[in-house]
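Working notes, structure below.
Chains as they are written, first to last, in our numbering: chain A, 1 to 377; chain B, 1001 to 1262.
Printed below as a string of structure tokens:
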């Protein structure tokens, strides 16, 4: 049993007016009993709460729609993470979550893959490796999923192609790159997050990192907003590439003659206000016809890949949000759903398969479309 | 119920490239990540579940180098009450028999109702220590246990046998069980929990503390001696099917049918 008093103070819950904007906007309410307004209410009226009786707290993707909508400036998603922390500290968590956390502690990635294989995706490419003594102006922080996942490795390789075309002086950390900790923190493992933050800050210092570009909005968000003492510029690649195009440093020689829509990653859009750069990149690609989802930007529908949900199946059945997204895209007449996040990529690709839409629509990362349009060098 | 759990700190080799030492008596340990032996992780969980239901204590015990403290601390973080490490240079080279001898000396004077070990260690896969230890302690044992029930002064255990059979045994306590993986769902030890466990003391005992003779441990005390460890040569008997997923899968079905597998 959890004593509610500390939570009420820690998260300033007395300011909650129970208006319900949080729950009304929660994308998970489409398929989960998760009701953050009711949870806050229980914190306010009860002395103790048995968190184990509220398994749907693991359904939250930490997309932060609730936070954006709260008229009192509260952060409801943080309350759920705080509740997860209690359970994680007790060690009573789903085996898939446990395995992801243990793997991250042992191997520096949640995918159970060996440290020594982290840079295998770059084999055959001429990528500078800072951990092998190279120097570069920009650190390309690849991230765990682009490093190890077969599908998303192609995104990292497309990134290299784009950087090379624009003559960007970049390097990677190779096998010394480690999980950023974003998802671990959201799974309630604050100690692991702190451990990873300390390790990573030390690595960045050791290689004198001055500027960083990330593949994943999750790494970007946590480095930019959560790392204490990180004193250089961090950009998501969509910001960096949009700038390259605008300054004429990256030009297109090919065309992508396809109708493309765009899935806003929550950690890029809702949490960091980066809505325009990804769209600017897509609209600058010759031949590409861009159509926006009805629910886009602040109102974008989460793909369910964030908040550690890559390792947690939802507590209830029902249509996955990514499946709704694929159907919406088909209705729009899109041939490609573009995204800019490894988790969106994986959840949407799964949804394309489960909805049987493989012949009609494809999921591509924005940087893959850019790589297609710059042609062969 | 007072329970002693024997655990081993082993290298995690699932994703690692294994190299053999020059003397061919072991693997190169540089760069390897070490962790609690998988089956032992289920054994410690089973002990903690029994303690949570029936009260008592859990003592965790290991024969190993100082680095094995990592595994002991994780067990303490999960809820073990006491940790003991048996460390001595002269223990090196012990086989399953000699290792069981070291553990038996440490356990025999403890108050215990139950001793649990994993069914097998991931590194040498000998599955010897548990049952040998039971013999040395003079207590009954059950190997490959997949569920436990407590009865008055006795326990009922299920064992997994060949061919998918289950055997149910009733055993008088004190007894020793070697625990099969899957018996429970091991809990997670958080980083804060492990850091807190750094404050708990780990008792360290050596050959003299245990009162063992030098020739009872290490290579001298062993019944087997390791001749050579090597990586088998890659043979060319594997067939790699090529083509589209449809072609490959239908070819695979044909092969399986021809071989009488399905």
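Glycine included, C-beta positions come from ideal geometry on N, C-alpha and C. Note that the structure is predicted; figures quoted are calculated from it, not measured.
>> Taking the straight line between their C-alpha atoms, what separation do you get for residue 377 of chain A and residue 167 of chain A?
In response: Translated into positions along the first chain, residue 377 of chain A becomes position 377. Translated into positions along the first chain, residue 167 of chain A becomes position 167. Low confidence applies here, because residue 377 of chain A scores a pLDDT of 48, under 50, leaving its location unreliable; read the following figure in that light. Approximately 12 Å between the Cα atoms of the pair.
Alpha carbon to alpha carbon, what distance is there between residue 349 of chain A and residue 81 of chain A?
Translated into the one-based positions of the first chain, residue 81 of chain A becomes position 81. Translated into the one-based positions of the first chain, residue 349 of chain A becomes position 349. Each residue's Cα considered, the two are about 27 Å apart.
(Q) I'd like the list of long-range same chain contacts for residue 354 of chain A, defined as Cβ closer than 8 Å, with 5 residues on each side in sequence excluded. (A) Your numbering for residue 354 of chain A matches position 354 in the first chain. Cβ within range, chain order: 320, 323.
Which complete alpha helix (DSSP H) runs does the segment 1155 to 1202 of chain B hold, if anything under 4 residues is left out?
1191 to 1197
**Q.** Proximity to residue 26 of chain A [Cα-Cα], best of A/10, A/3, A/72, A/76
**A.** Position 26 of the first chain holds residue 26 of chain A. Nearest option by C-alpha distance: A/76.
Chain A within 7 Å of residue 1057 of chain B, Cβ atoms only: Locating residue 1057 of chain B in the second chain gives position 57, where the first residue counts as 1. No, no contact with chain A.
- Query: Of all Cβ atoms in chain A, is any one closer than 7 Å to the Cβ of residue 1121 of chain B?
  - Reply: Your numbering for residue 1121 of chain B matches position 121 in the second chain. Output row for residue 1121 of chain B: interface = no.
*Output the boundary residues of the beta strand (DSSP E) element that contains residue 1117 of chain B.*
Within the second chain, numbered from 1, the residue matching residue 1117 of chain B stands at position 117. Counting along the chain, the beta strand (DSSP E) containing residue 1117 of chain B begins and ends at 1114 to 1118.
Same chain only: Cβ atoms within 8 Å of residue 1266 of chain B, ignoring 5 sequence neighbours per side = Residue numbering for chain B in the displayed model covers 1001 to 1262; residue 1266 of chain B lies beyond these limits and cannot be assessed.
Thinking C-alpha only, which one of A/79, A/345, A/351 is nearest residue 153 of chain A? Translated into positions along the first chain, residue 153 of chain A becomes position 153. Comparing Cα positions, the closest option is A/345.
Excluding the 5 residues flanking residue 233 of chain A on each side, which residues of the same chain have their C-beta closer than 6 Å to its C-beta? Numbered from 1 along the first chain, position 233 holds the residue referred to as residue 233 of chain A. Answer for residue 233 of chain A: 211, listed in chain order.
Practice problem: Would you mind sorting residue 1074 of chain B into buried or exposed? The rule is 16 or more other CB atoms within 10 Å of its CB. | Solution: The count along the second chain starts at 1 and reaches residue 1074 of chain B at position 74. The residue in question, residue 1074 of chain B, is buried, as its Cβ has 16 or more Cβ neighbours within 10 Å.
Practice item. Under 8 Å by Cβ, that's how I've got residue 311 of chain A and residue 86 of chain A pegged, so tell me the actual separation to the nearest angstrom. Key: Within the first chain, the letter at position 311 stands for residue 311 of chain A. Within the first chain, the letter at position 86 stands for residue 86 of chain A. The pair is not a contact, with the Cβ atoms about 18 Å apart (cut-off 8 Å).
- Query: Does the Cβ of residue 1254 of chain B have 16 or more other Cβ atoms within 10 Å, making it buried, or fewer, making it exposed?
  - Reply: Residue 1254 of chain B sits at position 254 when you count from the first residue of the second chain. Per the 10 Å Cβ criterion, exposed.
Determine, for residue 1191 of chain B, whether the minimum Cβ-Cβ distance to residues of chain A falls below 7 Å. As a first step, residue 1191 of chain B is located in the second chain; it is residue number 191 there, counting from the start. Answer yes: the Cβ-Cβ gap between residue 1191 of chain B and chain A drops below 7 Å somewhere.
Quiz item: Helix, strand or coil: how does DSSP classify residue 161 of chain A here?
Solution: Position 161 of the first chain, counted from the start, is the residue given in the question as residue 161 of chain A. The answer is helix: DSSP assigns residue 161 of chain A an H, G or I state.
Since residue 191 of chain A meets chain B, which of its residues come closer than 9 Å, beta carbon to beta carbon?
Counted from its first residue, the first chain places residue 191 of chain A at position 191. The answer, in chain order, is 1190, 1191, 1192, 1193, 1194, 1195.
**Prompt:** Which runs of the alpha helix (DSSP H) fall wholly inside the segment 319 to 375 of chain A and span at least 4 residues, in chain order?
**Reply:** 321 to 332, 342 to 354, 366 to 373
**Study point:** C-alpha gap between residue 14 of chain A and residue 313 of chain A, whole angstroms
**Key:** Here residue 14 of chain A is taken as the residue at index 14 of the first chain, counted from 1. Here residue 313 of chain A is taken as the residue at index 313 of the first chain, counted from 1. For residue 14 of chain A and residue 313 of chain A, the distance between alpha carbons rounds to 32 Å.
Exercise. For residue 134 of chain A, which residues from the same chain have a beta carbon less than 8 Å from its beta carbon, with the 5 sequence-adjacent residues on both sides left out?
Worked result: Working through the first chain from its first residue, we reach residue 134 of chain A at position 134. Counting only Cβ-Cβ distances below 8 Å, and skipping sequence neighbours, we find 128, 171.
*Under the DSSP definition of a beta bridge, which residues are partnered with residue 235 of chain A?*
Reading the first chain from its first residue, position 235 is the one you call residue 235 of chain A. Answer is A/213, bridged to residue 235 of chain A.
Check: Between the Cα of residue 1222 of chain B and the Cα atoms of B/1007, B/1128, B/1084, B/1029, which residue gives the shortest distance?
Finding: To locate residue 1222 of chain B, count along the second chain from 1; it is residue 222. Of the listed residues, the one whose Cα sits closest to residue 1222 of chain B is B/1128.
Bounding residues of the beta strand (DSSP E) (the contiguous stretch that carries residue 1255 of chain B):
As a first step, residue 1255 of chain B must be located in the second chain, where it is residue number 255. Element bounds for residue 1255 of chain B: not the beta strand (DSSP E) but the alpha helix (DSSP H), 1245 to 1258.
**Item:** Where residue 377 of chain A sits in the DSSP three-state scheme
**Value:** Position 377 of the first chain, counted from the first residue, corresponds to residue 377 of chain A. At residue 377 of chain A, the pLDDT of 48 sits below 50, so the modelled position is not reliable and the matter cannot be decided from this model.
Checklist entry - Should residue 1016 of chain B be flagged as near chain A, meaning a C-beta pair shorter than 7 Å? => result Start at 1 with the first residue of the second chain, and residue 1016 of chain B comes out as number 16. Yes - at least one Cβ of chain A is within 7 Å of the one on residue 1016 of chain B.
| task | Look at the alpha carbon of residue 1054 of chain B and the alpha carbon of residue 1115 of chain B, and state the distance between them as a whole number of angstroms. | result | Position 54 of the second chain, counted from the start, is the residue given in the question as residue 1054 of chain B. Position 115 of the second chain, counted from the start, is the residue given in the question as residue 1115 of chain B. The alpha-carbon atoms of residue 1054 of chain B and residue 1115 of chain B are separated by roughly 16 Å.
Helix, strand or coil for residue 176 of chain A, going by three-state DSSP, please let me know.
-> Start at 1 with the first residue of the first chain, and residue 176 of chain A comes out as number 176. Residue 176 of chain A falls in the helix class under three-state DSSP.
Q) With burial defined as no fewer than 16 other Cβ atoms inside 10 Å of the residue's Cβ, what is the status of residue 1226 of chain B: buried or exposed? A) Position 226 of the second chain, counting from 1, holds the residue named residue 1226 of chain B. Residue 1226 of chain B is exposed by the Cβ-count criterion.
Would you kindly report the start and end of the unbroken beta strand (DSSP E) that includes residue 1151 of chain B? Sequence index remark: in the second chain, residue 1151 of chain B carries index 151 (1-based). 1141 to 1151 is the extent of the beta strand (DSSP E) around residue 1151 of chain B.
- In whole angstroms, what is the alpha-carbon distance linking residue 275 of chain A and residue 269 of chain A? Locating residue 275 of chain A in the first chain gives position 275, counting from the first residue. Locating residue 269 of chain A in the first chain gives position 269, counting from the first residue. Rounded to the nearest angstrom, the two C-alpha atoms are 5 Å apart.
Closer than 7 Å, Cβ to any Cβ of chain B: which residues of the segment 89 to 100 of chain A, in chain order? 89, 91, 92, 93, 95, 98
message: Counting only beta-carbon separations shorter than 7 Å, does residue 1073 of chain B have a partner in chain A?
response: Residue numbering aside, residue 1073 of chain B sits at position 73 when the second chain is read from its first letter. For residue 1073 of chain B, the answer is no, since every Cβ of chain A falls outside 7 Å of its Cβ.
Just the chain A side, please: which residues come within less than 7 Å of residue 1007 of chain B by C-beta, in chain order?
As a working note, residue 1007 of chain B is residue 7 in the second chain. By Cβ distance, chain A contributes nothing, its closest Cβ being about 16 Å from residue 1007 of chain B, past 7 Å.
Can you name the start and end residues of the alpha helix (DSSP H) that residue 1097 of chain B belongs to? Residue mapping note: residue 1097 of chain B aligns to position 97 of the second chain, counting from 1. Taken as a continuous stretch (DSSP letters only), the alpha helix (DSSP H) holding residue 1097 of chain B covers 1096 to 1107.
Next item on the list: With 7 Å as the threshold, decide whether the Cβ of residue 1020 of chain B is near any Cβ in chain A.
Entry: Reading the second chain from its first residue, position 20 is the one you call residue 1020 of chain B. With 7 Å as the cut-off, residue 1020 of chain B does not count as an interface residue toward chain A.
Own chain residues within Cβ distance below 7 Å of residue 351 of chain A, not counting five before or after: In the first chain, residue 351 of chain A corresponds to position 351, counting from 1. If we look at residue 351 of chain A and ignore the five residues flanking it on each side, its Cβ neighbours are 320, 322, 323, 325, 326.
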